[in-house]
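Protein chains in written order, with my numbering: chain A, 5 to 207; chain B, 154 to 324.
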């Protein structure tokens, strides 16, 4: 990331230096202020969802959800960290429901918890790839954009979106397993593995 | 159906609060305790959000993005992705608000029910904002393996997009 960032930053700055040096500061300032305004908007957004998340925790909903998903999460992420298993389960559940406002706080918390574990590199990469390739079942925001623009058939994109997003998730999970190997393999016998993989992918 | 989608989120709130009351949770205390976590969380990810946004803006203003787009769209074309949606394909991993603007633009230009617009919608729904999620999730971690994870996510995104356009053609 350091290399990529430096490279792109240097290239952009150099180009601007040649073409129009006076736009450099205003544009970088605009970028920064967009970062600031996005962050303020996110504080509002996360306040709502993190309040609700706390209620899920205190009423035991989070525990039940993670109990349900636990075996699956444990095998996909190869971690025994109890709290991380719970936050990952919640991250995946709210992702499936399409509540991205709540998914990110859970994701960040999971990544921080995973960072202390032995298998951090693999597990946090898996978490990132699963989130980046979108797990949402129904693309609600696009459907509402299409409804707003008076589409004759606003829902006909749902099916292709589900298939395409499933494929990108499968590819992402497979590549993560292949290239960022978990350090400690699961203790289960190896014939379990195949079954695990297909189940892992189906989320 | 959009009516049911609109029902989803309020119902989640209603059920969660009702269930918490049944379980004797002090709902007000619990909710505010959760909200308390929002500011520290944003503070910890703010540097990464701001930096990615600055770079995004520079990419746009310097013309590097447009140039990269010109180089890469023959490849997209070869893979069956219409060149009209390559700006969206490029924008989506970088910025959520930016890509929704590009998407709306495409929908308005080509008509909501055109093949190009449908491709754009499916591509949009296939992946999340990869760079933003990467910056935020990996913010301040000790053991990073961001580069390979990022490449994997981008590759999966490309595969998903090619498949999206293919599906729009046959479905």
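Every residue gets a Cβ at the ideal spot worked out from N, C-alpha and C, and that includes glycine.
Only a predicted model underlies this, so the values are computations on that prediction, with no experimental measurement involved.
Check your understanding: At least one CB of chain A closer than 8 Å to the CB of residue 225 of chain B: is that the case?
Key -> To locate residue 225 of chain B, count along the second chain from 1; it is residue 72. Judged by the 8 Å Cβ criterion, residue 225 of chain B is not in contact with chain A.
Review point. In chain B, what lies closer than 8 Å to residue 23 of chain A by C-beta?
Key: Position 19 of the first chain, counted from the start, is the residue given in the question as residue 23 of chain A. In chain order, 215 and 216 make up the part of chain B whose C-beta sits under 8 Å from the C-beta of residue 23 of chain A.
**Study point:** Within-8 Å CB hit, residue 119 of chain A to chain B
**Key:** Locating residue 119 of chain A in the first chain gives position 115, counting from the first residue. Chain B, which has a Cβ nearer than 8 Å to the Cβ of residue 119 of chain A, makes this yes.
Check your understanding: Does the distance from the C-beta atom of residue 259 of chain B to that of residue 241 of chain B stay below 8 Å?
Key -> Position 106 of the second chain, counted from the first residue, corresponds to residue 259 of chain B. Position 88 of the second chain, counted from the first residue, corresponds to residue 241 of chain B. Their beta carbons are under 8 Å apart, which means residue 259 of chain B touches residue 241 of chain B by this criterion.
Review point. Taking C-alpha atoms, which residue in A/39, A/35, A/40 and A/57 lies nearest to residue 188 of chain B?
Key: Position 35 of the second chain, counting from 1, holds the residue named residue 188 of chain B. Comparing Cα positions, the closest option is A/57.
Check your understanding: Just by C-beta distance, which residues in the segment 197 to 216 of chain B are closer than 7 Å to chain A?
Key -> Hits within the stretch, in order: 198, 199, 202, 203, 206, 207, 208, 209, 210, 211, 212, 214, 215 and 216.
Point to revise | Contact set between the segment 164 to 178 of chain A and chain B, restricted to residues whose Cβ is under 8 Å from the partner | key: Within the segment 164 to 178 of chain A, the qualifying residues are 164, 165, 167, 168, 169, 171, 172, 173, 175 and 176.
Review point. Looking at C-beta atoms only, is the number of pairs between the segment 266 to 278 of chain B and the segment 142 to 156 of chain A that lie closer than 8 Å three or more?
Key: With the cut-off at 8 Å, the segment 266 to 278 of chain B and the segment 142 to 156 of chain A touch.
Exercise for review: Return the first residue and the last residue of the alpha helix (DSSP H) that residue 223 of chain B is part of.
Suggested key: To locate residue 223 of chain B, count along the second chain from 1; it is residue 70. Secondary structure note for residue 223 of chain B: its alpha helix (DSSP H) is the uninterrupted segment 217 to 231.
Review point. If we ignore side chains and look at the alpha-carbon of each, how far apart do residue 108 of chain A and residue 263 of chain B end up?
Key: By 1-based counting over the first chain, the position of residue 108 of chain A is 104. By 1-based counting over the second chain, the position of residue 263 of chain B is 110. Between residue 108 of chain A and residue 263 of chain B, the C-alpha separation is close to 33 Å.
Practice item. Would you check if the distance between the CB atom of residue 83 of chain A and the CB atom of residue 139 of chain A is smaller than 8 Å? Key: Translated into the one-based positions of the first chain, residue 83 of chain A becomes position 79. Translated into the one-based positions of the first chain, residue 139 of chain A becomes position 135. Going by C-beta atoms, residue 83 of chain A is not nearer than 8 Å to residue 139 of chain A.
Review point. By Cβ distance, which residues of its chain are closer than 8 Å to residue 319 of chain B, with the 5 residues on each side in sequence left out?
Key: Within the second chain, residue 319 of chain B is the residue found at index 166, counting from 1. Closer than 8 Å at the Cβ level, and outside the excluded window around residue 319 of chain B, lie 233.
**Study point:** CB contact flag (residue 35 of chain A, residue 207 of chain B, <8 Å)
**Key:** Numbered from its first residue, the first chain carries residue 35 of chain A at position 31. Numbered from its first residue, the second chain carries residue 207 of chain B at position 54. The answer is yes: Cβ separation under 8 Å.
Exercise for review: Enumerate, from N- to C-terminal direction, the unbroken alpha helix (DSSP H) stretches of 4 or more residues contained entirely within the segment 165 to 203 of chain B.
Suggested key: The segment 165 to 203 of chain B contains these whole alpha helix (DSSP H) runs: 180 to 189.
Point to revise | the segment 280 to 290 of chain B in contact with the segment 118 to 135 of chain A per 3-pair CB rule at 8 Å | key: Contact holds: three or more Cβ-Cβ distances are below 8 Å.
Exercise for review: Please confirm if residue 277 of chain B has its CB atom under 8 Å from at least one CB of chain A.
Suggested key: Translated into positions along the second chain, residue 277 of chain B becomes position 124. It does: the Cβ of residue 277 of chain B has a partner Cβ on chain A nearer than 8 Å.
Check your understanding: Where does residue 192 of chain A land, buried or exposed, given buried means 16+ other C-beta within 10 angstroms?
Key -> Within the first chain, numbered from 1, the residue matching residue 192 of chain A stands at position 188. Its pLDDT being 46, under 50, residue 192 of chain A is placed unreliably by the model, and nothing is read from it.
Practice item. Indicate whether at least one CB of chain A lies closer than 8 Å to the CB of residue 308 of chain B. Key: On the second chain, position 155 is the one that residue 308 of chain B refers to. Taking Cβ atoms only, chain A reaches closer than 8 Å to residue 308 of chain B, which makes this a yes.
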